[in-house]
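Here is the structure we will look at, set down as structure tokens.
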Amino acid sequence: MYAFDEERPALPGQRLPARRRPRGVMVLGGLLLLGLGLVLAVYNSCKIDIGTAQQAVLIRREGLELEPDMELAPPPRDGRAYYKGVQLGGPNGGVLTEGRYFYNPYYWSWEISPQFVVPGDKIGIRIALSGEDLPAGQILAQPGQKGILREVLKPGRYPYNPYAEAIELHAPVTIAAGFRGVVTLLAGPLPKDPNVFLVEEGERGVQSKTLEPGTYYLNPYETRVSMVDCRSRRFNLGQGGEMSFLSADGFPITLDGVVEFRVLPAKVAEMFVKYNEDANGDAIDEEIIAKIIMPESRSLCRVGGSKLSGGQFISGDDREKFQTDLVKSLTQNCQKQGIEILAVAITSIKPPDDIAQPVQQREVAKQKLAQFRREKLQQLSEAKLKVEVVLAEQKKLVVEAGQEVVEKTTKAEQEQQVAVTLSEQKLKVAQTQLEAAKDKAAAILAKAEADAEVIKFDNAAEAAGLAAQVSAFDGDGAAMARNMLLGKLAPSFRTILGNSEGPLMNLFSEFTKQHDKSRPLPSAGPSTRFGGSHTSTSISRPTEPTAANRPGQSPSRSDSLPLATSEENKP
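First residue of the sequence shown: 153, per my numbering; consecutive thereafter.
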């Protein structure tokens, strides 16, 4: 028997109890974990993580064997069959750059290393370590050949296969200000004409085109740059020995001077080829002085000095002419050879003592005479200047006076013009006011005449009305007056008490008097409004002037009518 039921084997057709199932789940889980572990192990073994600034060189473990002439594995045959060893195929020559890659570790192995960094002040030159050998006479290698490559790596970071190539660091070519770079090609086709100083562009040898100041990234195995100083240099004529020669009259003359020169930039390459010595490196100053400046200057000084006498070297004019001729001749001769003469100065001339003192005294006398003449000319110039100053002051005063006269005249004319303009304006205003006054007077006169006509017509109408009323009493004005008085007084009086005398009774007594017949009243006019015309005679009252005859008063209605007397006296 078994100690536990769990350990009893199951009989045919008998199912195990449910409590035995967890062991199968555990086994299944273990197998799953084991599978995941295997997958993870395979994944990690195939994974290649390349960090920043890193690279990986691929090496084939299984594949075709290398041939005897092969150093590194070439690209795969037909794209599938790989050779064993370090690979050269791929975009970077068998090198993997930053990233994550997956390769079968059974077939591949890899080496991780840092990429090559070219500093900022350097350049890199690639050297192929494998490939075909270079043919005779070839210096730079082409792709697939072993040797120095033409490509120049500027400052930066580059992936490379250390089994296939090496990188050398070199300094770039820096040409300072005032210098020119003479370019010599070390690699290239041989020149067609080997007997020339400068070859054609692209041929092996010294190029005619030079480099201006700046920085250039050039392959030192292909190009050599020699820096030539084009700045000005000075040469002392007494350098290397005293300069002496005989004058035209046989006296020994010793002189010294300074020549300032520089190499023409356009002929730097030719001058470098002609006068450069290996012992001096790239410098050609000493060769130019020794081979051009010194021989030319001394030769010209001796030739020109032998044409002058000993005394002429002391004279200022002859000495200046000697220096001028020396500068002209030396400039022309050196210009042809690529040298520019900037200045020539004779610093000292030593004639013999036998003639130096007399000639010097004569020259001093000439200089004093010239000084006296200059002083005289100066005095004359000062006197002339004073006269010109006085004339200028006088002219200035005349001009100022003329300007003042012109200013005053202009001002008077302007004031006169302003006054005339104001007077004309006042005249126009007065004329306008006169016209307005005339118009106003005419308007007043017309209005007065119209008022007078109205008054006349009113008086005529009243007179016509009174005449019509008088005609109702047969032309008896007194009768009409009594009638009007009685008509006015009768309604107002009830009783009258008084004597026969008095103002009131006198008023009534006037109506009781008998009046003589008078001429009929004048007609109111030609109007026939009252049915006919009446003939009457107007009698004025002589005792008292009427209001119409009084000055300053207008005639009233009652005074304007003449007194009329009827032919019959009626009570």
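Glycine included, C-beta positions come from ideal geometry on N, C-alpha and C.
Can you find the residues in the same chain that come closer than 8 Å, C-beta to C-beta, to residue i, ignoring five residues on each side of it along the sequence?
i           : result
residue 256 : 198
residue 494 : 384, 412, 413 and 414
residue 459 : 400
residue 587 : none
residue 314 : 209 and 265
residue 298 : 280, 281, 282, 283, 284, 285 and 286
residue 635 : 625
Measure the alpha-carbon distance for residue i versus residue j and round it to whole angstroms.
i           : j           : result
residue 278 : residue 370 : 13 Å
residue 408 : residue 512 : 19 Å
residue 599 : residue 612 : 20 Å
residue 578 : residue 572 : 10 Å
residue 304 : residue 259 : 35 Å
residue 454 : residue 473 : 15 Å
residue 445 : residue 348 : 24 Å
residue 227 : residue 254 : 19 Å
residue 585 : residue 568 : 25 Å
residue 209 : residue 243 : 12 Å
residue 234 : residue 215 : 5 Å
residue 546 : residue 410 : 55 Å
residue 580 : residue 605 : 37 Å
residue 245 : residue 261 : 16 Å
residue 358 : residue 484 : 27 Å
residue 207 : residue 428 : 48 Å
residue 336 : residue 375 : 6 Å
residue 529 : residue 497 : 31 Å
residue 610 : residue 617 : 10 Å
residue 311 : residue 247 : 7 Å
residue 488 : residue 290 : 38 Å
residue 642 : residue 632 : 15 Å
residue 534 : residue 463 : 36 Å
residue 582 : residue 594 : 18 Å
residue 562 : residue 556 : 10 Å
residue 560 : residue 536 : 36 Å
residue 184 : residue 238 : 38 Å
residue 394 : residue 505 : 18 Å
residue 597 : residue 607 : 15 Å
If you run the structure through DSSP and keep just helix, strand and coil, what is residue i?
i           : result
residue 119 : The shown model of the chain, from 153 to 723, leaves out residue 119, and the question about it has no answer.
residue 356 : coil
residue 642 : coil
residue 570 : helix
residue 297 : strand
residue 249 : coil
residue 201 : strand
residue 233 : strand
residue 590 : helix
residue 313 : coil
residue 373 : coil
residue 291 : coil
residue 608 : helix
residue 239 : strand
residue 578 : helix
residue 430 : helix
residue 303 : strand
residue 274 : coil
residue 261 : strand
residue 437 : helix
residue 366 : strand
Could you pull out every residue in the same chain whose Cβ sits closer than 7 Å to the Cβ of residue i, ignoring the five residues on either side in sequence?
i           : result
residue 501 : 405, 407, 465 and 471
residue 456 : 474, 477 and 478
residue 565 : none
residue 449 : 389, 411 and 482
residue 204 : 250
residue 490 : 415, 416, 419, 422 and 423
residue 365 : 327, 328, 329 and 331
residue 317 : 278, 279, 280 and 281
residue 499 : 408, 409 and 410
residue 217 : 236
Below 8 Å on the Cβ atoms is my guess for residue i versus residue j; work out the distance and round it to an integer in Å.
i           : j           : result
residue 733 : residue 424 : Because the chain here runs from 153 to 723, residue 733 falls outside it and cannot be looked at.
residue 338 : residue 373 : 7 Å
residue 307 : residue 340 : With 8 Å as the limit, residue 307 and residue 340 do not qualify as a contact, their Cβ atoms being about 27 Å apart.
residue 352 : residue 343 : 7 Å
Tell me which residues share the same chain as residue i and place their Cβ nearer than 6 Å to its Cβ, disregarding the 5 neighbours each side in the sequence.
i           : result
residue 368 : 325
residue 332 : 362, 380, 382, 417 and 420
Runs of alpha helix (DSSP H) lying entirely within the segment 390-427, each at least 4 residues, in chain order:
DSSP runs (the alpha helix (DSSP H)) wholly in the segment 390-427: 420-427.
Report the residue ranges of all beta strand (DSSP E) runs contained in full by the segment 488-559; include only those spanning at least 3 residues, in chain order.
If we require 3 residues or more, the beta strand (DSSP E) runs fully inside the segment 488-559 come out as 491-502.
With a floor of 4 residues, list each alpha helix (DSSP H) that falls wholly inside the segment 445-484, ordered by position along the chain.
Within the segment 445-484, the complete alpha helix (DSSP H) runs of at least 4 residues are 446-457.
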